[in-house]
Each structure stands twice: as C-alpha cells, then as structure tokens.
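In the working numbering, the protein residues as written are 7 to 112. Beta carbons are placed, not taken as given, at the ideal position from N, Cα and C, and that holds for glycine. Report on one structure; see the data block that follows.
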C-alpha cells in the first residue's frame, strides 16, 4: 500500500509566484509615399479620415510627403498598421488615385 506522508512543521511547500514579464508589442510606422498624380487635397482627406488628424496636422503631413517623398502618418501595433495600410490603399484605388501606403518597423 502507498504511504502518505503528513506534512510536518518545516516540510511545507513554499510557492513564490513570479510576475510575468510582459513585453510591449513591436510598433510599426505607417507611411505615405509621394507620387506625381494624387491631388494634395485627397492626401489631406486620407490623413484626416484614416489617421484621425485635424486639418492642420493633416496638411503638415501632406506637405512633408510632397516635399520629402515620404511621410509617417502614425505609429501602431502590427495589426492596426496592416489594417490602415489596406484601408488607405483600397480607398485610394476606389477613388482612382495611385497613392501608396506602406509600413515599417519603428
């Protein structure tokens, strides 16, 4: 038969809970690329609509894209960044503009 040991003083099992180490998810920059065909006003509208920027900030981002060829619209987790890239690309295509949107690690 099996023997069962009764815990005696000093034989108690001590369990120390460790705190899980949570890492912040990696972030990605969502970037608009300049082209020679998409109207500036359309780019401003896209930045306002999909990145929730006010008119002044959207205009500043559009001018940065226009002057430097590239501009960051926001920084998000991978899933959110991918969704924004898809939505901007689809919206631009539906409106017959070649505006390109991409993402890269921060």
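Should residue 71 and residue 40 be called a contact, given that it needs their Cβ atoms to be closer than 8 Å? Along the chain shown, one-based indexing puts residue 71 at 65. Along the chain shown, one-based indexing puts residue 40 at 34. Contact: yes.
Quick check: residue 77 and residue 67, are their CB atoms within less than 8 Å of each other? Looking up residue 77 in the chain shown gives position 71. Looking up residue 67 in the chain shown gives position 61. Contact: yes.
In three-state DSSP terms, what is residue 33? Along the chain shown, one-based indexing puts residue 33 at 27. If DSSP states are grouped into helix, strand and coil, residue 33 belongs with the strands.
Once the 5 residues before and after residue 43 are set aside, which same chain residues still bring their CB inside 6 Å of it? The residue given as residue 43 occupies position 37 in the chain shown. 104, listed in sequence order.
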